[in-house]
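Have a look at the structure below before the remarks.
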Amino acid sequence: MTVYNVTERLAKEMIASPEVQGVVQCSCAQCLDDILAIALNHLPARYVSTDQGGTYVKADYMHPQWQSDVLAELIRAAEVVGRQPHHGLLTGERV
Ligand SMILES: [Zn+2]
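Adding 9 to a residue's 1-based position in the sequence shown gives its number in our numbering.
As structure tokens, then:
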């Protein structure tokens, strides 16, 4: 069984948008993963099988309300992570 989450795919692409990057305090892998995880926890998962995926993803990309929901959650998550970053907790290293 091969399924994937359209929400996750969309969020991963939209995290690079200027709107999100404008509020991202740190773009290390840990912070970006945290932002994605927080945003995805607040968004409904939408699973599709891979043979349907292309069609569903295209439809979602063109849906303005869906895009703005994902964008809003990414921005909110970026603000949360920016206030309390988890990076470097184990190593003390700041990227
Ligand atoms: Zn970071």
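Built from N, CA and C at the ideal position, the CB exists for glycine as well.
If you're wondering where the values come from, they're calculated on a predicted model, not measured in any experiment.
Bounding residues of the beta strand (DSSP E) (the contiguous stretch that carries residue i)
i, result
"V79", "Premise fails: V79 lies in the alpha helix (DSSP H), P73 to R92, not in any beta strand (DSSP E)."
Element boundaries [alpha helix (DSSP H), containing residue i]
i, result
"V32", "Counting along the chain, V32 falls outside any alpha helix (DSSP H), and DSSP gives it neither H nor E."
"A25", "First-last for A25: undefined, no H or E at that position."
"L45", "A38 to N50"
Beta bridge counterpart(s) of residue i as assigned by DSSP
i, result
"V57", "Y13"
Proximity of residue i and residue j at Cβ, strictly below 8 Å
i, j, result
"A20", "A38", "no"
"A87", "V32", "yes"
"T16", "T59", "no"
"M23", "V89", "no"
"G91", "Q34", "yes"
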